[in-house]
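Asker: The structure's right below; bear with me while I get my questions together.
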């Protein structure tokens with residue numbers, strides 16, 4: 004099914020509603036254009052379609068029908084990408100998982116989703132191959148020619164993918180995301196970023212999250228542009244990969260840009276085809292300008308989540324440094340997205356800090372087989388509660404304050420970790436920072452910061468704290484600091500704060516003046 008939107012002689016335009024519709028349009032428009040590039044291999048749109056059809060046909064022979072779940076240990080390779088597309092294009096539901104996840108986690112997830120088929124490889128943990136479900140090696144999906152086309156094509160509101168969310172314990176929250184959401188994200192991304200068919204989008208982000216499939220993969224398809232798929236993020240080779248593949252745009256999350264900045268400078272750092280980077284959260288203005296000058300590109304910042312790829316982004320031609328930008332809309336359907344800032348059931352005026360809520364056609368169907376959690380996340384009227392605290396400026400620009408569940412209560416004040424983390428990262432020795440609330444002997448909580456540095460044993464924590472204190476109100480300055488070589492991360496690149504200790508450790512420094520410190 005396709006939607007009509009404003010435009011054309013009769014005021015309507017036809018808009019693809021599903022992943023296969025989006026893909027078929029690109030193949031019809033540019034069959035011989037090279038789409039996918041990896042080291043040593045290229046695929047035109049029509050060659051990719053033929054391989055997707057082969058994989059879909061093989062899945063059908065293995066008993067996969069529309070609506071069935073297919074679990075895929077999604078490495079960043081063409082074979083896994085085509086398997087992802089084959090699953091969704093045939094009407095089945097893809098459950099893409101981290102191939103490097105622990106055996107216990109994978110066993111629990113397989114038991115939770117009960118997949119009709121598991122697509123994997125010899126390098127995957129034994130728990131995947133011995134899960135009790137029908138298993139296929141990903142390479143075997145392409146061994147036989149395709150048979151007849153699928154009897155039924157998916158609809159716009161059919162679930163295309165279940166996306167495991169980060170940082171959960173017990174049963175995973177699986178975001179049930181629709182074909183409509185992916186198609187809208189694919190059409191929207193090149194418009195938001197001002198990308199065209201001559202661009203080449205490069206991603207090293209994992210196929211088991213939403214960013215790479217929805218924005219880079221489907222965005223390149225919608226724009227008839229090229230796609231460069233890197234197996235993983237490597238700071239030391241990233242710019243060389245862009246040069247080798249002629250990449251003009253890439254997507255970054257978490258600390259990727261900061262990690263690139265910490266690489267030894269080279270005279271040719273800016274001598275690449277790269278002209279654009281999409282990232283979030285936004286760096287400070289000074290740091291962003293540093294990054295742009297060094298790498299010779301422009302950074303566009305935005306915000307979205309698995310529960311809705313339609314969040315916020317910097318509008319064309321604007322530079323609202325340090326913000327999330329304004330609400331994303333669709334290039335052909337026009338205004339489809341609404342936002343509000345809520346506190347205790349009341350919508351706040353501009354300037355008030357509250358939870359960002361979104362309402363648009365790309366909001367998830369819910370958390371798979373979790374009605375209570377779904378009802379908590381998607382309220383009356385279809386408003387998605389994001390869990391993120393923001394404030395809105397009069398011009399409609401939103402600024403991130405912190406996560407609702409991460410807010411620290413200290414000395415009667417609500418403290419957002421994000422502001423403190425940014426202040427800690429102002430010190431040149433700090434690559435990344437994480438701030439958490441820890442128990443206080445008085446009441447409420449104390450603030451502890453973990454800072455990633457090159458050599459934790461020689462870190463000057465007092466200097467790092469002083470640098471942060473110069474930027475913060477006194478009650479926001481961390482009492483405790485601990486230096487680490489690196490912080491734990493989720494598979495999607497976010498800092499895994501749930502893995503950081505809340506109890507006292509011997510490696511931390513207590514900056515309470517009543518506590519005597521060595522040295």
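Residue numbers (the working numbering): 4 to 522. Beta carbons: idealized from backbone N, C-alpha and C, even for Gly. Owing to the predicted nature of the structure, the values given are computational and were not obtained by experimental measurement.
I want to see whether chain B comes within less than 8 Å of residue 380, judged by CB atoms only; does it?
Answerer: Of the protein chains in the structure, only one exists, and it is not chain B.
Asker: Does the Cβ of residue 202 have 16 or more other Cβ atoms within 10 Å, making it buried, or fewer, making it exposed?
Answerer: Translated into positions along the chain shown, residue 202 becomes position 199. Buried, since its Cβ has 16 or more Cβ neighbours within 10 Å.
Asker: Of the residues 182, 86, 133, which one's Cα is nearest the Cα of residue 144?
Answerer: Residue 144 sits at position 141 when you count from the first residue of the chain shown. For residue 144, the nearest C-alpha among the options comes from 86.
Asker: Secondary structure at residue 451, three-state DSSP: helix, strand or coil?
Answerer: Translated into the one-based positions of the chain shown, residue 451 becomes position 448. Judged by DSSP in its simplified three-state form, residue 451 adopts strand.
Asker: In the DSSP assignment, the alpha helix (DSSP H) including residue 128 goes from what residue to what residue?
Answerer: Within the chain shown, the letter at position 125 stands for residue 128. That residue, residue 128, is in no alpha helix (DSSP H); it is neither H nor E in DSSP.
Asker: Between the region 300-312 and the region 320-328, can you find at least three pairs of beta-carbon atoms closer than 8 Å?
Answerer: The region 320-328 vs the region 300-312: in contact.
Asker: Run the CB neighbour count on residue 478, radius 10 Å, all protein chains shown included, and call it buried at 16 or more, exposed below.
Answerer: Position 475 of the chain shown, counted from the start, is the residue given in the question as residue 478. Burial check for residue 478: the Cβ neighbour count within 10 Å stays below 16, so the residue is exposed.
Asker: Alpha carbon to alpha carbon, how far is residue 502 from residue 491?
Answerer: Here residue 502 refers to the residue found at position 499 when the chain shown is read from its first residue. Here residue 491 refers to the residue found at position 488 when the chain shown is read from its first residue. Rounded to whole angstroms, the gap between the alpha carbons of residue 502 and residue 491 is 7 Å.
Asker: Between 361, 300, 372, 437, which has its C-alpha nearest residue 382's C-alpha?
Answerer: Counting from 1 along the chain shown, the entry for residue 382 is found at position 379. Residue 382 has its Cα closest to that of 361, out of 361, 300, 372, 437.
Asker: Under three-state DSSP, which class holds residue 223?
Answerer: Taking the chain shown and counting its residues from 1, one reaches residue 223 at position 220. Residue state, collapsed to three classes: helix.
Asker: If you draw a straight line from the C-alpha of residue 482 to the C-alpha of residue 419, how long is it?
Answerer: To locate residue 482, count along the chain shown from 1; it is residue 479. To locate residue 419, count along the chain shown from 1; it is residue 416. In a straight line, the C-alpha of residue 482 is about 15 Å away from that of residue 419.
Asker: The beta strand (DSSP E) spanning residue 180 covers which residue range?
Answerer: By 1-based counting over the chain shown, the position of residue 180 is 177. 177-181 is the extent of the beta strand (DSSP E) around residue 180.
Asker: Assuming residue 524 is part of the alpha helix (DSSP H), what are its boundary residues?
Answerer: Because residue 524 is not part of the residues shown, which for the chain are 4 to 522, the question remains open.
Asker: Which residue spans inside the region 416-480 form an unbroken alpha helix (DSSP H) run of at least 4?
Answerer: 420-427, 464-472
Asker: Is residue 256 helix, strand or coil when you go by DSSP?
Answerer: As a position in the chain shown, residue 256 is number 253, starting the count at 1. The answer is coil: DSSP assigns residue 256 none of H, G, I, E or B.
Asker: Please list the terminal residues of the continuous alpha helix (DSSP H) segment that includes residue 213.
Answerer: Residue 213 sits at position 210 when you count from the first residue of the chain shown. Premise fails: residue 213 is in no alpha helix (DSSP H) and is neither H nor E.
Asker: For residue 205 and residue 252, which I take to be in contact (beta-carbon distance under 8 Å), what is that distance rounded to the nearest angstrom?
Answerer: Position 202 of the chain shown, counting from 1, holds the residue named residue 205. Position 249 of the chain shown, counting from 1, holds the residue named residue 252. With a Cβ gap of about 7 Å, residue 205 and residue 252 count as contacting.
Asker: Quick one: grab the DSSP three-state call for residue 195.
Answerer: Within the chain shown, numbered from 1, the residue matching residue 195 stands at position 192. Helix, per DSSP.
Asker: Apart from the five residues just before and just after residue 36, which ones in its own chain have a Cβ nearer than 7 Å to its Cβ?
Answerer: As a working note, residue 36 is residue 33 in the chain shown. If we look at residue 36 and ignore the five residues flanking it on each side, its Cβ neighbours are 47, 48, 227.
Asker: Specify the secondary structure class of residue 402 as computed by DSSP and reduced to three states.
Answerer: To locate residue 402, count along the chain shown from 1; it is residue 399. DSSP places residue 402 in strand when its eight states are reduced to three.
Asker: Name the one or two DSSP bridge partners that residue 350 has.
Answerer: Taking the first residue of the chain shown as 1, we reach residue 350 at position 347. Looking at the DSSP assignment, residue 350 forms a beta bridge with 345.
Asker: Cα separation between residue 390 and residue 359?
Answerer: Translated into the one-based positions of the chain shown, residue 390 becomes position 387. Translated into the one-based positions of the chain shown, residue 359 becomes position 356. Rounded to whole angstroms, residue 390 to residue 359 spans 7 Å at the Cα level.
Asker: Count the other CB atoms, across all protein chains shown, that sit within 10 Å of the CB of residue 512; report buried if there are 16 or more and exposed otherwise.
Answerer: Taking the chain shown and counting its residues from 1, the one referred to as residue 512 is at position 509. The residue in question, residue 512, is buried, as its Cβ has 16 or more Cβ neighbours within 10 Å.
Asker: Quick one: which unbroken alpha helix (DSSP H) runs of 4-plus residues sit fully inside the region 301-386? Chain order, please.
Answerer: 374-380
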